[in-house]
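Residue numbers (our numbering): 24 to 261. Note sheet for the following structure.
Okay, here's the thing in structure tokens:
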């Protein structure tokens, strides 16, 4: 989950690979629409006053509505990590924002929400919750990290499956649980993020397309539009 606006701040988390972010401010309704949240293969634990939610993996851009103004804090987990911590398969949350009380006992969720509500620094309190969940969960599966690394490097699904000693069907099933969608979709989302990073760094679009595995600049622009609903030129300028 990635959003870019003047009210958005993020930092690296103490949880390896995770990011802690804040958007908006308490008691502030906002002067305009928040920027779209683009697909990135991640899941987020979210807090806004009195509420804890989970943001599932997106297959398209998510546009916050008027009811999502004010202060929001999140911990963005790297691909494949959140399902083990939260105890729910990622595919059940794909393209959804779900109250944590719908996944956990209400009393447990309420205790955690009240703890973050009372904290002088909600971001630090939410991060502490994420660290506690990680401490109580099994360690991250190295196979999942290897899958993400292989797909981020631009390797095919078949080559990725072979590199972790799985058949393509086995890899697909494991990916649905861990990432929320199959490896082909995950590879496409990760490629989108690699391309946007290069374009935002000033790399020409044609070179960006070549370096990230697109057939040409037109293919890059088309894929960006399909996944985000926005032109490449607009997103590259943020």
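Glycine is no exception: its CB is placed at the ideal position from the N, C-alpha and C atoms.
Give me the Cα-Cα distance between residue i and residue j, rounded to the nearest whole angstrom.
i	j	result
residue 221	residue 256	13 angstroms
residue 43	residue 111	21 angstroms
residue 252	residue 83	8 angstroms
residue 203	residue 73	27 angstroms
residue 168	residue 206	13 angstroms
residue 101	residue 243	24 angstroms
residue 15	residue 235	Here the chain covers residues 24 to 261 and nothing more, so residue 15 does not appear.
residue 171	residue 183	9 angstroms
residue 48	residue 190	48 angstroms
residue 134	residue 140	10 angstroms
residue 41	residue 193	27 angstroms
residue 145	residue 68	12 angstroms
residue 148	residue 188	40 angstroms
residue 65	residue 116	11 angstroms
residue 86	residue 38	27 angstroms
residue 230	residue 260	17 angstroms
How is residue i classed by DSSP in three states: helix, strand or coil?
i	result
residue 67	strand
residue 225	coil
residue 237	coil
residue 110	coil
residue 89	helix
residue 45	strand
residue 99	strand
residue 61	strand
Buried or exposed, going by whether 16 or more other CB atoms sit within 10 Å of the CB of residue i?
i	result
residue 79	buried
residue 24	Summary for residue 24: the model assigns pLDDT 44, below 50, so the residue's position carries little reliability; its value from the coordinates is reported in the next sentence. The residue is buried, with at least 16 neighbouring Cβ atoms inside 10 Å.
residue 246	buried
residue 32	exposed
residue 210	buried
residue 218	buried
residue 143	exposed
residue 159	exposed
Need the endpoints of the alpha helix (DSSP H) that residue i sits in, please.
i	result
residue 168	165–175
residue 180	180–186
residue 139	129–141
residue 149	145–159
Counting along the chain, where does the beta strand (DSSP E) carrying residue i start and finish?
i	result
residue 117	Element bounds for residue 117: n/a, residue is neither H nor E.
residue 33	31–35
residue 78	74–78
(request) State whether the segment 126–140 contacts the segment 80–95, with contact taken as three or more CB pairs (one from each stretch) at a distance under 8 angstroms. (result) no
(message) When you compare the segment 165–180 with the segment 117–124, are there three or more beta-carbon pairs, one atom per stretch, that lie closer than 8 angstroms?
(response) no
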